[in-house]
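Here is the structure we will look at.
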Amino acid sequence: MSNQVGTPPMVLHQAEIEPFDRGTGVKTLPLVGKWNAEQNLVTTGITIFAPGTQIPLHTHNVEETVMVVEGEATAVIGEDRFDLVVGDVTWVPSGVPHCFINRGQGQMRIYWVYGGRYVTRTICATGETFEHLSERDRGAARAT
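Residues in the sequence shown are numbered from 7 upward in steps of one, following my numbering.
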């Protein structure tokens, strides 16, 4: 079956996406791509952590599901901490403070899905809120 005219591709390869640095040793590959249009109900991507790195504690305006696809993680969700390995999945309700930490000796990779197209991130340490994947969001990890 061929693509209809104007329909974005149904497969997006990681090599086609330009990763961006979220802070020392943490990079994100946003997989929302060309199909992140009005009709979309989710936002998705991959974040790659070097050993010992993490993203600052933050919240979102929508729920988030995260799956560890490489390495070992510690998830901090609200008051709880969970050790995660490849294949483990977490769910974070909207508004709940959380972060993920690479607790392994090698690279850690998580696949995330947000329950909405319009996602915001609030950094707990500063209270600053900005649109997910915006230029301000991309620099937030470095600024904290």
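Yeah, the Cβ is synthetic: ideal placement off N, Cα and C, and Gly gets one too. Note that this is a predicted model, so its numbers are computed, not measured.
Query	Result
Return the first residue and the last residue of the beta strand (DSSP E) that glycine 101 is part of.	Segment: none, glycine 101 is in no beta strand (DSSP E) and carries neither H nor E.
So, are the CB atoms of glycine 121 and proline 57 less than 8 Å apart?	no
With a CB to CB cut of under 6 Å and the five nearest residues on each side skipped, what residues in its chain are close to methionine 73?	Val95, Tyr117
If you measure between the beta carbons of valine 32 and isoleucine 61, is that distance less than 8 Å?	yes
Quick check: what's the CA-CA separation for valine 98 versus threonine 30?	24 Å
Would you identify the three-state DSSP class for methionine 7, choosing helix, strand or coil?	Bear in mind that the predicted position of methionine 7 carries a pLDDT of just 44, short of 50, making it unreliable; the figure below should be weighed with that in mind. Coil at methionine 7, not helix or strand.
Determine the contact status of serine 100 and glutamate 134, defining contact as a CB-CB distance below 8 Å.	no
When DSSP labels each residue in this structure, what does aspartate 86 get in the three-state scheme?	strand
Nearest to threonine 53 by alpha carbon, out of Met114, Arg142, Arg87, Leu63?	Met114
Cα separation between valine 75 and threonine 132?	30 Å
What is the rounded straight-line gap between the Cα of glutamate 78 and the Cα of arginine 87?	13 Å
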